[in-house]
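Listed in order, the protein sequences are those of chains A and B.
Plus 46 on top of the position in the first sequence (first one is 1) and you've got the numbering used here.
Plus 127 on top of the position in the second sequence (first one is 1) and you've got the numbering used here.
Quick reminder that beta carbons are idealized off the backbone N, C-alpha and C, glycines included.
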Amino acid sequence: RKEVEQDPGPFNVPEGATVAFNCTYSNSASQSFFWYRQDCRKEPKLLMSVYSSGNEDGRFTAQLNRASQYISLLIRDSKLSDSATYLCVVNNAGNMLTFGGGTRLMVKP
Amino acid sequence: GAGVSQTPSNKVTEKGKYVELRCDPISGHTALYWYRQSLGQGPEFLIYFQGTGAADDSGLPNDRFFAVRPEGSVSTLKIQRTERGDSAVYLCASSLTRPGQYNSPLHFGNGTRLTVT
């Protein structure tokens with residue numbers, strides 16, 4: 047089992063739709079969690095951190111469920127510019143930040 | 128300010144050759160990572176430096192891979208006797224302090240696309 051797992055997608059949604067991605071992690075001692083966004087042939091960039099109480103940044107909401115060992119990302123009112131790959135990242139109380147395989151989102155007009 | 132800089136942006140080499148990939152992190156960032164990303168996959172951890180020392184090299188796939196950071200700034204990833212399976216995008220990232228801290232996110236460079244023919 048991979049340490050961090052994501053549905054690769056693609057998720058094809060129309061503009062304005064709400065879409066949610068989940069990511070599961072295997073190490074119950076994991077301490078910090080992040081969502082990164084990666085555009086085609088570009089480097090990953092931090093989208094948002096994921097805090098225990100959940101957090102929101104504009105149209106984006108991140109949630110953490112420690113009991114079930116998953117994090118989620120909700121995007122409301124999808125824009126064409128949201129089309130990208132979304133990478134789940136977990137820090138396992140050590141030095142390593144482990145990335146999931148990414149979920150590809152395509153927002154259609 | 129300047130971000131993480133990686134050179135070259137593209138490298139094509141023949142099987143069996145030696146290559147060096149360079150990473151210049153954001154000034155003042157003590158932590159430096161190397162990751163490798165294959166098409167359709169997430170970045171795969173290779174090695175992490177805190178200052179000049181390799182704090183975690185558990186992701187290096189074999190002894191053909193080696194990385195240094197002699198002055199605690201620029202880092203070089205070295206690959207000996209390259210194989211076709213080494214073809215990937217090699218990403219470097221840096222962070223202000225110890226990685227994984229919410230106030231110290233990773234900043235990635237544009238990557239070096241390595242093709243071994």
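Check                                                                                        : Outcome
A/LEU120 (DSSP reduced to helix, strand or coil)                                             : strand
Neighbouring residues, chain B, relative to A/GLY32 (Cβ below 7 Å)                           : This structure gives no information on residue 32 of chain A, because the portion of chain A shown stretches from 47 to 155.
A/LEU151 vs A/ALA130 beta-carbon contact at 8 Å                                              : yes
Start-to-end residues for the beta strand (DSSP E) that takes in A/GLN84                     : 78 to 84
Per DSSP, cross-strand counterpart(s) of A/ASP103                                            : A/PHE106
Option in B/ASP183, B/GLY180, B/ALA158, B/LYS205 with minimal Cα separation from B/PRO135    : B/LYS205
Reduced DSSP secondary structure (H/G/I, E/B, other) of A/ARG150                             : strand
Cβ of B/PRO232 within 8 Å of any chain A Cβ                                                  : yes
Nearest neighbour of B/SER132, chosen from B/LEU159, B/THR140, B/GLY143, B/VAL146 [CA to CA] : B/LEU159
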